[in-house]
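First up is the structure itself, then whatever we jot down about it.
Residue numbers (this note's numbering): 453 to 1017.
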């Protein structure tokens, strides 16, 4: 047997290797749920410095790891047992995959000699998760464990980030490593392109310098690559107006005069009109998905399109691109900054200013409490500086429209998959990651109902997340579509809920309910001052709609601006 000094894992059990490799990767916290196939790992974690947060469901654990990753930029880690435990991670993994979030999921598997025999709690985890992960792998031999774990973290956080699953047979965690095998990563086919092609960058700069009506279209990739400083420097130098996707919110301070706010189906009128009239659209870390482009055949019809993205498969996938630049956004923006020149585009900026003045986000502040005013008041009371998580639905869009984000990693929300139930567990993960920051889950009654059991996790671990439920008694976005496109035939969207305040109190959290606008400020102040987890159930106008809205099949400029404009 070789000298252990040459191999730090020699003589250790697989469970010991698991713990040591995690600590070498800087893992401080994991989320998950135990079970038979991971008992050797949990026995080792009993003495580990790594904090383990026991959730109420594996889906919640996956969303917590995701929220942790979005708030920090580090890999979120989740651990579940075999069979149903691993399968319950699927929604969380798909959510992370669609939004390019670095999550490493470890799942237990039955003993290696039983794999394929339909053993108790066996599932083909690598087969199930292959379409919804960046990479996955089954470990059946302790000799492969440490190397595979380090490869998983490397793959998850480099290139275009994404979730990685490592499925581990239980006997691999029980066996000892008695052979001095190499622990070096072996990924010959994995070589993400990080540096942009200089010629393509110069071509992009030339197109930008020549443009009279350019628009920057910024996605979550700018935040993932930590390129916000470079982006803002480019904006300041060139004075190019900028719009963001939902996941790009915070890349630019939304109070900046050059901010057009979010674009797309429920984006600002100014952003949508500007994109449609632009002569040069510079997409950075965005993928032209359908909620942004709407009718792709008429999207940005006058523009030369520059697409900067680390994933070459995203370029040209949805929209024809004139100047592709493959590489890391931070590297490319820094080099683009050197070549881009200031230019007087006063007529263009004046036109945009007019659109912004004429078509702001608005609502009627009459009758019952409006969800938009709740979000505006949360923004004012937190100085627009809190970390905001959301579920999915109308409340998500209102949050994007009315909170006004100032900095990156401030919004924690499911973009591509549109996962209801994401808000609360993701907020818990973000609060674990950023304990000194205010973290608020702005949720809908439908989304909150799906995972509200994780409030118990917050209470038992003293995670002081705050929840504001915009309770309209409907599955609001579905109801809005049924109103607009299905003749108000409200099929299975009425959503009677339990008293959320009472549920919160039963779980050990603070719970409050309000129905009157006059109570709103005091209730929000009490929520924010609560020492532990707290829930505020706000009874809002039941049939309020999200505007603007681009109907399916219409172009960005064909918005329904709503009755109040």
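Where a beta carbon is used, it is the ideal one built from N, C-alpha and C, also for glycine.
Residue i and residue j look like a contact to me (Cβ under 8 Å); what is the Cβ gap, rounded to whole Å?
{"i": "residue 841", "j": "residue 778", "result": "Not confirmed; about 32 Å, so no contact."}
{"i": "residue 920", "j": "residue 830", "result": "7 Å"}
{"i": "residue 959", "j": "residue 923", "result": "Contact flag wrong, Cβ pair sits at about 17 Å."}
{"i": "residue 897", "j": "residue 876", "result": "Between residue 876 and residue 897 the Cβ distance is about 12 Å, and since that is not below 8 Å, they are no contact."}
{"i": "residue 664", "j": "residue 800", "result": "6 Å"}
{"i": "residue 964", "j": "residue 980", "result": "Rounded, the Cβ-Cβ distance is 12 Å, inconsistent with contact."}
{"i": "residue 530", "j": "residue 514", "result": "5 Å"}
{"i": "residue 884", "j": "residue 915", "result": "6 Å"}
{"i": "residue 625", "j": "residue 465", "result": "7 Å"}
{"i": "residue 488", "j": "residue 561", "result": "Incorrect: roughly 11 Å between the Cβ atoms, too far for contact."}
{"i": "residue 1002", "j": "residue 746", "result": "5 Å"}
{"i": "residue 616", "j": "residue 577", "result": "So it is not a contact: roughly 12 Å between Cβ atoms."}
{"i": "residue 811", "j": "residue 722", "result": "6 Å"}
{"i": "residue 1008", "j": "residue 727", "result": "6 Å"}
{"i": "residue 789", "j": "residue 689", "result": "6 Å"}
{"i": "residue 547", "j": "residue 874", "result": "6 Å"}
{"i": "residue 1020", "j": "residue 732", "result": "Any question about residue 1020 goes unanswered here, given that the chain covers just 453 to 1017."}
{"i": "residue 516", "j": "residue 507", "result": "7 Å"}
{"i": "residue 743", "j": "residue 714", "result": "Not a contact, Cβ separation roughly 10 Å."}
Looking at the structure shown, is residue i part of a helix, part of a strand, or coil, going by DSSP?
{"i": "residue 492", "result": "helix"}
{"i": "residue 485", "result": "coil"}
{"i": "residue 469", "result": "helix"}
{"i": "residue 941", "result": "coil"}
{"i": "residue 986", "result": "strand"}
{"i": "residue 841", "result": "strand"}
{"i": "residue 969", "result": "helix"}
{"i": "residue 681", "result": "helix"}
{"i": "residue 997", "result": "coil"}
{"i": "residue 549", "result": "helix"}
{"i": "residue 946", "result": "strand"}
{"i": "residue 725", "result": "helix"}
{"i": "residue 831", "result": "helix"}
{"i": "residue 1002", "result": "coil"}
{"i": "residue 930", "result": "helix"}
{"i": "residue 463", "result": "coil"}
{"i": "residue 893", "result": "strand"}
{"i": "residue 1017", "result": "Because residue 1017 carries a pLDDT of 41, less than 50, the predicted location of this residue cannot be relied on, and the following value inherits that uncertainty. Residue 1017 falls in the coil class under three-state DSSP."}
{"i": "residue 735", "result": "strand"}
{"i": "residue 544", "result": "helix"}
{"i": "residue 1012", "result": "strand"}
{"i": "residue 663", "result": "coil"}
{"i": "residue 687", "result": "helix"}
{"i": "residue 692", "result": "coil"}
Starting from residue i, trace the alpha helix (DSSP H) both ways and give me its first and last residue.
{"i": "residue 536", "result": "536 to 539"}
{"i": "residue 964", "result": "First-last for residue 964: 962 to 966, but that is the beta strand (DSSP E), not the alpha helix (DSSP H)."}
{"i": "residue 880", "result": "875 to 885"}
{"i": "residue 417", "result": "Any answer about residue 417 is impossible in this case: the structure gives the chain only from 453 up to 1017."}
{"i": "residue 917", "result": "Where residue 917 is concerned, there is no enclosing alpha helix (DSSP H), given that its DSSP letter is neither H nor E."}
{"i": "residue 954", "result": "952 to 959"}
Taking its Cβ as the centre, do 16 or more other Cβ atoms sit within 10 Å of residue i, making it buried, or is it exposed?
{"i": "residue 808", "result": "buried"}
{"i": "residue 855", "result": "buried"}
{"i": "residue 796", "result": "exposed"}
{"i": "residue 461", "result": "buried"}
{"i": "residue 565", "result": "exposed"}
{"i": "residue 456", "result": "Low confidence applies here, because residue 456 scores a pLDDT of 46, under 50, leaving its location unreliable; read the following figure in that light. It is exposed - the Cβ of residue 456 has fewer than 16 other Cβ atoms within 10 Å."}
{"i": "residue 765", "result": "exposed"}
{"i": "residue 941", "result": "exposed"}
{"i": "residue 793", "result": "exposed"}
{"i": "residue 995", "result": "exposed"}
{"i": "residue 588", "result": "buried"}
{"i": "residue 503", "result": "exposed"}
Following the continuous beta strand (DSSP E) through residue i, name the residue where it begins and the one where it ends.
{"i": "residue 870", "result": "Premise fails: residue 870 is in no beta strand (DSSP E) and is neither H nor E."}
{"i": "residue 1019", "result": "As displayed, the chain neither begins before 453 nor continues past 1017, which places residue 1019 out of reach and without an answer."}
{"i": "residue 852", "result": "First-last for residue 852: 846 to 854, but that is the alpha helix (DSSP H), not the beta strand (DSSP E)."}
{"i": "residue 478", "result": "Per DSSP, residue 478 belongs to no beta strand (DSSP E) and is neither H nor E."}
{"i": "residue 925", "result": "Element bounds for residue 925: n/a, residue is neither H nor E."}
{"i": "residue 992", "result": "Residue 992 -> no beta strand (DSSP E), and no H or E assigned at all."}
- Message: List, from N- to C-terminal side, the beta strand (DSSP E) runs of 3 residues or more that fit wholly inside the segment 557 to 624.
- Response: 587 to 591, 616 to 621
- In the segment 794 to 828, which residue ranges form an unbroken beta strand (DSSP E) of at least 3 residues, counting only runs that do not cross its ends? none
- Task: Within the segment 694 to 720, note down every full beta strand (DSSP E) run reaching 3 residues or more, in order along the chain.
- Result: 694 to 696, 711 to 714
- Message: As an exercise, report each continuous alpha helix (DSSP H) stretch of at least 4 residues that is fully enclosed by the segment 620 to 657, in chain order.
- Response: 622 to 626
- Sequence ranges, beta strand (DSSP E) only - wholly within the segment 494 to 524, length at least 3: 503 to 506
- Task: Entirely within the segment 743 to 798 and at least 4 residues each: give me those alpha helix (DSSP H) ranges in chain order.
- Result: 781 to 791
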